[in-house]
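Worksheet: one structure, shown below.
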Amino acid sequence: MITGIPLEQHRPDWQKQMARAISDPVALLRRLGIDPATVDLPEDTGRFPMRVPEAFIRRMRPNDLSDPLLQQVLPLGQESITEPGFLKDPVGDLDACAGTGLLQKYHGRALLISTQACAVHCRYCFRRHFPYQDNGAQRDDWSESLDYLVKHQEITEIILSGGDPLSLSDQRLKTLIQRLDEIPHLLRLRIHTRQPVVIPDRITPGLAEILENTRLTTVMVLHINHPNEIDSHLRESLAPLTRAGIMLLNQAVLLRGINDELNTQVALSDALVTAGIMPYYLHLLDRVEGAGHFEVREAEAAELYVAMREQLPGYLVPRMVREEAGKAFKTPFGTV
Ligand SMILES: *Cc1c(COP(=O)(O)O)cnc(C)c1O
Ligand code: SF4
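Residue numbers (the working numbering): 1 to 336.
In structure tokens:
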């Protein structure tokens, strides 16, 4: 915890930006020149309050409630509408918890809930109801997960997820990655993160060095949904990672009113590849309680996907997938 001014001064800048994230929807709307009285804000967002860092707000258009970045983070009254089929744990994560904080659903790879914190709260997040406290992430203590990995030689890839693993300090990450490095059967380290997107300054020289120094082949999977999220600040921040030979991929979620138009998806792939990032997955929305208003109908998603294939080179078409509890891989969707 922050205990005084001297400590605050010694924190890296990105941590200060994270601590100063805006959590009041009214303040955010005023800042963007939107009258809060015209917006249906929820009375209570419970355990999943609004959270958005300044660096992300700067990429939002003022005076525009339909701005695609704003729409991803602004809590709306519609979240309290209970829609049939929308569940608290839509992808069966609780069943898949192999050890404390470790999820193994797929062959050869396991996902470590390395922390519960995120710099941004995305309203459509499928983990918005995930009981992190009961899954070891609260303590940031990974010993049980590491023991499990050591015992399971068939696991060759470890995925750091969360929350957002890059909300951990460089020191904590270094410790964790060094311990993973020592597990001989692990070949690859994958980091699933949205943090550099919302706080580009998170890519510190120290972080680049940690990722460069591990013997594990390192892949970073970013989470960018709209081309407006990619600006020169983000591109410059990612450059040291590309130079260090770290593979950059992107996963996006198909969101109604945000990125469900062909032009937006084409512009997203163009902007990604220009930033050195390859499109990987385009996920259909996980049907999590409170996110019903983001869902794109299946027929529309399938139509969009065909149109994307008609416009984009094959290597810039992300795989459209849906996650289904109990399946051995993410289910391809919209293939023709
Ligand atoms: C999505 C996911 C993965 C990664 O799947 P890939 O197809 O390898 O990208 C791994 N483990 C869990 C639990 C997941 O949800
Ligand atoms: S950054 Fe990822 S884990 Fe965190 S709230 Fe957004 S979608 Fe969920």
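Beta carbons are placed, not taken as given, at the ideal position from N, Cα and C, and that holds for glycine.
Computed from a predicted model, the values in this text were never measured in an experiment.
Between the C-alpha atoms of ALA299 and HIS185 there is a straight-line separation of about 43 Å. Within the same chain, no Cβ atom closer than 6 Å to the Cβ of ARG243 is found once the five residues on either side in sequence are excluded.
CA-CA distance, ILE224 to LEU268, rounds to 8 Å. In this structure, DSSP gives ASN259 a state outside helix and strand, which the three-state scheme calls coil. Take LEU211, set aside five residues on each side of it, and the residues of its chain with a beta-carbon closer than 6 Å to its own are THR218 and ILE246, in chain order. It is roughly 43 Å from the alpha-carbon of LEU173 to the alpha-carbon of ALA37. Counting every other CB atom within 10 Å of its CB across the protein chains shown gives LEU187 a total below 16, marking it as exposed. Collapsing the DSSP output to three states places VAL321 in a strand.
In this structure, PHE86 lies near ALA291, with their beta-carbon atoms less than 9 Å apart. Sixteen is the threshold: since fewer than 16 other Cβ atoms of the shown chains lie within 10 Å of the Cβ of GLY314, the residue is exposed. At least one heavy atom of ligand 1 falls within 8 Å of the beta-carbon of PHE329.
For the region 161–197, the full-length alpha helix (DSSP H) segments reaching 4 residues or more read 170–181 along the chain. Contact annotation: the region 198–205 touches the region 42–62, with at least three C-beta pairs closer than 8 Å.
Here the C-alpha atom of ARG322 lies approximately 10 Å from the C-alpha atom of LEU254. Closer than 8 Å to some heavy atom of ligand 1: that does not describe the Cβ of TYR148.
Three or more Cβ pairs closer than 8 Å define a contact, and the region 142–156 falls short of that threshold against the region 57–70.
By the beta-carbon neighbour count (other beta carbons within 10 angstroms, threshold 16), ALA27 is exposed. ASP93 and LEU103 do touch by the CB rule: their CB atoms are close to 6 Å apart, below 8 Å. Two segments are said to touch when three or more pairs of C-beta atoms, one from each, lie closer than 8 Å; by this definition the region 147–159 does not touch the region 121–128. Between ILE277 and LEU248, the alpha-carbon positions lie close to 5 Å from each other. Within the same chain, no residue comes within 6 Å of ASP64 by CB-CB distance, once the 5 residues on both sides are set aside.
With a cut-off of 8 Å, the C-beta of LYS105 is classified as near ligand 1, since at least one heavy atom of the ligand falls inside that distance. About 5 Å separates the beta carbons of THR115 and GLY162, which is inside the 8 Å limit, making them a contact pair. With respect to the C-alpha of GLY33, the residue from ARG61, LYS330 and ALA119 having the closest C-alpha is ARG61. In the three-state reduction of the DSSP assignment, LYS330 falls in the coil class, being assigned neither a helical nor a strand state.
Look at ARG59: its beta carbon is at least 8 Å from all of the heavy atoms in ligand 2. With fewer than 16 other Cβ atoms from the protein chains shown falling within 10 Å of its own Cβ, GLY46 counts as exposed.
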